[in-house]
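According to the numbering used here, numbering within the sequence shown proceeds without interruption in unit steps and concludes at 161.
For glycine and all other residues, C-beta sits at the position ideal for the given N, C-alpha and C.
If you're wondering where the values come from, they're calculated on a predicted model, not measured in any experiment.
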Amino acid sequence: MTKPDVPADVPSKKKGKLPLLIGVLGALALGGGGFYATYSGLIAGGDSAPHAPDTAHGSLADVAFVAVAPITISLGPQSTARHLRFASQLEVSPAHAEEVRQLLPRISDVLNSYLRAVELTQLHDPSALMRLKAQMLRRIQIVTGQDRVRDLLISEFVLN
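Okay, here's the thing in structure tokens:
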């Protein structure tokens, strides 16, 4: 097979690595500049005032904890563990602490009902604890009202 004749005035298509290096360095510089601008508040922050500490939950004096009675749930015969022991506390504002204490029987009922309905595979999966916590917190917030309970703090989650 013969090669086609290439005229002498056509430049070769071989290029150096310089354009690639310039492109990579430019992308890194623009990415870093964009990150800095966003992080410092120049973009999408708008205000030039320094950021105050997060006061969405208030100061430490604005936090109260309400203990929920420990719950022991017997697990089915197909489980390797026989019982689940669950203890928790609710993070509330001091203004709502007494209201939440009055609703503790309903909160215990909701937690007990939910934990009994959870599949055993989820109870044995260590990574499922955050999903379980989110589900329980959502159910507690439905019982107590949206703005009364800030967080559910799990102090004991033992399968034995």
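Inter-residue Cα distance where the pair is residue i and residue j
{"i": "Ala-65", "j": "Gly-42", "result": "33 Å"}
{"i": "Leu-105", "j": "Leu-76", "result": "23 Å"}
{"i": "Leu-61", "j": "Ala-82", "result": "38 Å"}
{"i": "Gly-33", "j": "Lys-18", "result": "23 Å"}
{"i": "Lys-16", "j": "Ala-28", "result": "20 Å"}
{"i": "His-97", "j": "Asp-63", "result": "11 Å"}
{"i": "Tyr-115", "j": "Tyr-40", "result": "41 Å"}
{"i": "Gln-103", "j": "Glu-157", "result": "23 Å"}
{"i": "Ala-70", "j": "Pro-95", "result": "19 Å"}
{"i": "His-125", "j": "Pro-20", "result": "54 Å"}
{"i": "Phe-87", "j": "Met-131", "result": "14 Å"}
{"i": "Pro-78", "j": "Leu-154", "result": "29 Å"}
{"i": "Phe-36", "j": "Ile-44", "result": "10 Å"}
{"i": "Ala-30", "j": "Gly-146", "result": "48 Å"}
{"i": "Asn-113", "j": "Pro-127", "result": "20 Å"}
{"i": "Ala-38", "j": "Glu-99", "result": "46 Å"}
CB of residue i within 7 Å of CB of residue j, strictly
{"i": "Ile-108", "j": "Ile-72", "result": "no"}
{"i": "Leu-160", "j": "Leu-85", "result": "yes"}
{"i": "Arg-139", "j": "Ile-74", "result": "no"}
{"i": "Val-119", "j": "Val-144", "result": "no"}
{"i": "Val-1", "j": "Val-25", "result": "What the structure shows of the chain is the stretch from 2 to 161, and residue 1 is not part of that stretch, so it cannot be assessed."}
{"i": "Leu-121", "j": "Ser-80", "result": "yes"}
{"i": "Gln-136", "j": "Ala-129", "result": "no"}
DSSP bridge partner residues for residue i (one or two, in chain order)
{"i": "Gln-90", "result": "Ala-68, Leu-154"}
{"i": "His-125", "result": "Partner(s): none; His-125 has no beta bridge."}
{"i": "Ile-1", "result": "For residue 1 there is no data in the structure shown, the boundaries of the chain being 2 and 161."}
{"i": "Leu-160", "result": "Leu-85"}
Would the region 86-99 and the region 136-152 be scored as touching if the rule is three or more Cβ pairs under 8 Å? Counting C-beta pairs with one atom in each stretch, the region 86-99 and the region 136-152 have three or more that are closer than 8 Å, which means they touch.
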